[in-house]
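Keeping their order, the protein sequence lines are chains A and B. Position 179, counted from 1, in the first sequence is what this note's numbering calls 179; the numbers after and before it change by one each time, with no gaps. Position 77, counted from 1, in the second sequence is what this note's numbering calls 421; the numbers after and before it change by one each time, with no gaps. Where a beta carbon is used, it is the ideal one built from N, C-alpha and C, also for glycine. The model shown is predicted, which means the values in this text are computed figures rather than measured ones. Below is one structure, written out as structure tokens, with a few remarks after it.
There are 2 protein chains.
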Amino acid sequence: MTLDEVVPARRGRAVTLREVAARAGVSIATASKALNNRQHVGAATRLRVQNAAEELDFSPNAMAQGMVSQRSGTVGLLTSDLVGRFSIPVMRGVEDAFGSEKMSVLLCDARGDRLREQHHLRALISRRVDGLIVVGARPDPRHSLGHLGVPVVYAYAPSDDPADMSVVVDEQAGGRMAVEHLVTCGRRRIAHITGDPSYGASHDRAAGALGALSDAGLALAGGEVMYGSWSEAWGRGATRLLLDRDPDLDAVFAGSDQIARGVLDALLEAGRKVPEEVSVIGYDNWEVLSLDSRPPLTTVDPGLENLGRVAALRLAAAIEGREGHGVEIQAGRVVTRSSTAPLH
Amino acid sequence: MTLDEVVPARRGRAVTLREVAARAGVSIATASKALNNRQHVGAATRLRVQNAAEELDFSPNAMAQGMVSQRSGTVGLLTSDLVGRFSIPVMRGVEDAFGSEKMSVLLCDARGDRLREQHHLRALISRRVDGLIVVGARPDPRHSLGHLGVPVVYAYAPSDDPADMSVVVDEQAGGRMAVEHLVTCGRRRIAHITGDPSYGASHDRAAGALGALSDAGLALAGGEVMYGSWSEAWGRGATRLLLDRDPDLDAVFAGSDQIARGVLDALLEAGRKVPEEVSVIGYDNWEVLSLDSRPPLTTVDPGLENLGRVAALRLAAAIEGREGHGVEIQAGRVVTRSSTAPLH
DNA sequence: CCACGTCGCTAAAACGTTTTCGGACCATAT
DNA sequence: ATATGGTCCGAAAACGTTTTAGCGACGTGG
């Protein structure tokens, strides 16, 4: 009996390997091997199967494949990031690293809600994701998800459990690089205006900045790090304060591009030329803010896309059994535009 | 023979229904029915199964479920949007509409590359997504994907094939609302600075604005719509030009929030008070730009999240057999902040 | 002529569920 | 005693694929 008689008319359903095999006049097993470039198939037969598959527009059912391989070919990306500021670059890094050839990304937005997070987690586990990347909304450590039965990599926000694997940006190095760049520009009276002091990153960046400053034998202009909020308004206000307190300041390191925008505006208003009299460097390289400011903003790019790539690489390794753990730190780089320049 | 002897020690693999059944001392069939709240299961038995599942931390294999139900419980979100400006709100709308209870989202970023798009498409088809939402990078019509065997809804950018189903924002109504708001504020000399003229949306918004203007018996200040680019720099330059050409202008409708920022800056520099002397309204409600400007920006919110919700609703309907077609238009709304105010 | 490999192919098992069908059992009515 | 009906439960098929084991046929060296 040939398979032909067994195959009923399909009503709207996808083409199956059985139908391909029937059309090529071979068994399902042979068809499978032919299409997957396995050996033990004659050249002529293979060609016949490939043609049949082509003609029927065959597309293998990934669920069925997943059943036998015990791999879903899927990773979960669990984010708490409301606006997607950080998750999108990470997501692109993930796609690049996995080649998106055999790995698809299941994206879930927990929106900072722990319940929703649990919910998504259950769904991902049920889908048998091969691995999971957890992207935090802010760089501070977050609670560990614990043992889930699949590898997990935390990106941007590290897990609070050192047994987990985390990949984060080096905030301290970022702060250091920013100030070093200003020092290289010949600046001597450098101030630091930054954001919410409840963010660990604020302090890390400040520590890096202070370190670079003391390495250069300089003191912080304004006397102290100016903590506030991640907003342009704070950048403006703090700058006015600073100008009062320390009129001969020649550079400002802003803790974010939003703050830097405020700094720029206040400086412009006070009649200080940027970058000639005062140089300004931001943090984040959020292009909608940094590209089109007056002047375009020199800023520290935290390298989120790279972060995503590294996270994906670590996840891929863990999936193949080479599990890692601990916090891996990735440095960013300074993107030089026109808001900083050598003195004179 | 009990099932106990059949169940081998599992090495790292997920708990299976067979194990739950064994622990509860029932057959797999009964266990399935018990957990899915099907009838024909005794109350005591059901409880025993539920407890067993709980104790073993059982999570049903979605792939296996998908095999029998012929549904993957998955929708694809195919985006071409580089920065995720539009896709993220849409994605949230999708999650909301589907409740994320039984539907997960497979996110793919084609990055404007047609080849990559084809590639992702194949992957999604192979995963047997129940439906597909295609989000464009700009509001202009895009090429149809054709017939894929699953329902497709185009969001933001409509398909060029009227047989497809598209959901887009009503750009013309947006332009109209913006000007109507300015007219309500008592403004009489209203100009319109907008972006790239190769965007259909530029012209749609302008048409809406012009319509509202003529309804109010007003002429466009500056004489013509000022097309340029979607940037702050263009907003600044165009404003200076405009101020020269028509010094007694009392309102500007900017085609994007970025442009509006430039307008605001140029106005400030020219010594014009906003909103008292000149009112400014933007478009997009991109909060990082609109919330923290001086003053905070009144702007047209295109309602992307709602767009995503509607797209998801239409997709859900199509999945259940109620297919639609044609272009559905969703209106946004004006978000009033401080950059517009009644005259006097 | 026999032993032995190799090649090309197929049947069947396995993956983890849901669902259909029928059987066992019990109570009640005839 | 037999029929009737209802309630619980289990065996088995089905979903679409990969993989393993095995079967002929053919060639090759003894």
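| query | Which residues in the same chain as glutamate 5 of chain A place their Cβ atom closer than 7 Å to its Cβ, once the five residues preceding and following it in sequence are excluded? | reply | Locating residue 5 of chain A in the first sequence gives position 5, counting from the first residue. Legend: pLDDT at glutamate 5 of chain A = 38, less than 50; position of this residue unreliable, no value from coordinates given.
| Straight-line gap, proline 485 of chain B to cysteine 452 of chain B (C-alpha atoms, nearest Å) | The residue you call residue 485 of chain B lines up with position 141 of the second sequence. The residue you call residue 452 of chain B lines up with position 108 of the second sequence. Using only the alpha carbons, I get a separation of about 20 Å.
| How many Å lie between valine 632 of chain B and valine 479 of chain B at the Cα? | Counting from one through the second sequence, the residue named residue 632 of chain B turns up at place 288. Counting from one through the second sequence, the residue named residue 479 of chain B turns up at place 135. Rounded to whole angstroms, valine 632 of chain B to valine 479 of chain B spans 22 Å at the Cα level.
| query | DSSP on glycine 665 of chain B, reduced to helix/strand/coil? | reply | If you number the second sequence from 1, residue 665 of chain B lands on position 321. Coil, per DSSP.
| request: Go through its chain and collect everything with a Cβ distance to alanine 550 of chain B's Cβ below 7 Å, but skip five positions before and after it. | output: Taking the second sequence and counting its residues from 1, the one referred to as residue 550 of chain B is at position 206. Excluding positions up to five away in sequence, the list reads Gly519, His536, Thr538 and Val569.
| From the beta carbon of serine 424 of chain B, is the nearest beta carbon of chain A less than 8 Å away? | One-based indexing of the second sequence puts residue 424 of chain B at position 80. At a cut-off of 8 Å between beta carbons, serine 424 of chain B makes no contact with chain A.
| message | Against chain B, with Cβ distances strictly below 8 Å, would proline 60 of chain A count as a contact? | response | Indexing the first sequence from 1 puts residue 60 of chain A at position 60. Closer than 8 Å to some Cβ of chain B, the Cβ of proline 60 of chain A qualifies, so yes.
| Shortest alpha-carbon distance to glycine 303 of chain A belongs to which of A:Leu210, A:Gly211, A:Lys102 and A:Arg92? | Residue mapping note: residue 303 of chain A aligns to position 303 of the first sequence, counting from 1. Residue A:Arg92 is the option with its Cα nearest to glycine 303 of chain A.
| request: Can you have a look at glutamate 320 of chain A and say buried or exposed, based on whether 16 or more other CB atoms are within 10 angstroms of its CB? | output: Here residue 320 of chain A corresponds to residue number 320 of the first sequence, with the count starting at 1. It counts as exposed.
| query | Should glutamate 619 of chain B and serine 558 of chain B be called a contact, given that it needs their Cβ atoms to be closer than 8 Å? | reply | Along the second sequence, read from residue 1 onward, the residue named residue 619 of chain B stands at position 275. Along the second sequence, read from residue 1 onward, the residue named residue 558 of chain B stands at position 214. Contrary to the premise, residue 619 of chain B reads as proline rather than glutamate in this sequence. No, they are not a contact pair.
| Option nearest valine 596 of chain B by Cα separation, candidates B:Leu564, B:Leu476 and B:Arg362 | Start at 1 with the first residue of the second sequence, and residue 596 of chain B comes out as number 252. The candidate whose alpha carbon is nearest that of valine 596 of chain B is B:Leu564.
| field | Span separating the alpha-carbon of alanine 254 of chain A from that of isoleucine 190 of chain A | value | Walking along the first sequence from the start, residue 254 of chain A turns up at place 254. Walking along the first sequence from the start, residue 190 of chain A turns up at place 190. So the two alpha carbons sit approximately 11 Å from each other.
| Among B:Leu608, B:Leu635, B:Phe442 and B:Thr423, which residue has its Cα nearest to the Cα of aspartate 474 of chain B? | If you number the second sequence from 1, residue 474 of chain B lands on position 130. For the residues B:Leu608, B:Leu635, B:Phe442 and B:Thr423, the minimum Cα distance to aspartate 474 of chain B belongs to B:Phe442.
| task | Would you kindly report the start and end of the unbroken alpha helix (DSSP H) that includes phenylalanine 430 of chain B? | result | If you number the second sequence from 1, residue 430 of chain B lands on position 86. Looking at the DSSP string, phenylalanine 430 of chain B is not in any alpha helix (DSSP H), and its letter there is neither H nor E.
| Sequence-distant residues of its chain with Cβ nearer than 7 Å to threonine 389 of chain B (five each side left out) | Position 45 of the second sequence, counting from 1, holds the residue named residue 389 of chain B. Cβ within range, chain order: Val370, Thr374 and Ala378.
| message | With H, G and I counted as helix, E and B as strand and the rest as coil, what does DSSP make of valine 350 of chain B? | response | For this step, residue 350 of chain B is matched to residue 6 along the second sequence. Legend: pLDDT at valine 350 of chain B = 37, less than 50; position of this residue unreliable, no value from coordinates given.
| field | beta strand (DSSP E) runs contained entirely in the segment 144–202 of chain A, provided each spans 3 or more residues | value | The qualifying runs are 152–155, 165–169 and 190–193.
| said: If contacts are defined as beta-carbon pairs under 8 Å, then isoleucine 133 of chain A and valine 75 of chain A qualify, I think. What distance do you get, rounded to the angstrom? | reply: Within the first sequence, residue 133 of chain A is the residue found at index 133, counting from 1. Within the first sequence, residue 75 of chain A is the residue found at index 75, counting from 1. Right, the Cβ-Cβ distance comes to about 7 Å (below 8 Å), so this counts as a contact.
| Between leucine 145 of chain A and leucine 121 of chain A, is the Cβ-Cβ spacing less than 8 Å? | Within the first sequence, residue 145 of chain A is the residue found at index 145, counting from 1. Within the first sequence, residue 121 of chain A is the residue found at index 121, counting from 1. Their beta carbons are under 8 Å apart, which means leucine 145 of chain A touches leucine 121 of chain A by this criterion.
| query | Three-state secondary structure (DSSP) at leucine 291 of chain A? | reply | Start at 1 with the first residue of the first sequence, and residue 291 of chain A comes out as number 291. DSSP places leucine 291 of chain A in coil when its eight states are reduced to three.
| Contacts of alanine 64 of chain A in chain B (Cβ-Cβ under 7 Å) | Against the first sequence, residue 64 of chain A aligns to sequence position 64. What alanine 64 of chain A touches in chain B: Met411.
| request: Name the one or two DSSP bridge partners that glycine 282 of chain A has. | output: Here residue 282 of chain A corresponds to residue number 282 of the first sequence, with the count starting at 1. Looking at the DSSP assignment, glycine 282 of chain A forms a beta bridge with A:Thr299.
| message | List, in chain order, every chain B residue whose beta-carbon is nearer than 8 Å to that of glycine 112 of chain A. | response | Residue numbering aside, residue 112 of chain A sits at position 112 when the first sequence is read from its first letter. The premise fails here: glycine 112 of chain A is roughly 13 Å from chain B at the closest Cβ pair, so nothing lies under 8 Å.
| query | Quick one: does aspartate 109 of chain A have its CB under 8 Å from some CB of chain B? | reply | As a working mapping, residue 109 of chain A is identified with position 109 in the first sequence. Chain B, which has a Cβ nearer than 8 Å to the Cβ of aspartate 109 of chain A, makes this yes.
| query | Of all Cβ atoms in chain B, is any one closer than 8 Å to the Cβ of arginine 11 of chain A? | reply | One-based indexing of the first sequence puts residue 11 of chain A at position 11. Model confidence at arginine 11 of chain A stands at a pLDDT of 48, short of 50, so the residue's coordinates are unreliable and nothing is read from them.
| Under a Cβ-count criterion, where at least 16 other Cβ atoms within 10 Å of its own Cβ denotes burial, should glutamate 524 of chain B be classed as buried or exposed? | If you number the second sequence from 1, residue 524 of chain B lands on position 180. Classification for glutamate 524 of chain B: buried.
| request: Please compile the residues from chain B whose C-beta is within a distance smaller than 9 Å of the C-beta of glutamine 258 of chain A. | output: For the purposes of this step, residue 258 of chain A is taken as the residue at position 258 of the first sequence. Residues of chain B passing the Cβ test: Val632 and Asp636.
| field | Proximity below 8 Å, CB of leucine 297 of chain A to CB of aspartate 257 of chain A | value | In the first sequence, counting from the first residue as 1, residue 297 of chain A sits at position 297. In the first sequence, counting from the first residue as 1, residue 257 of chain A sits at position 257. In this structure, aspartate 257 of chain A lies closer than 8 Å to leucine 297 of chain A by Cβ.
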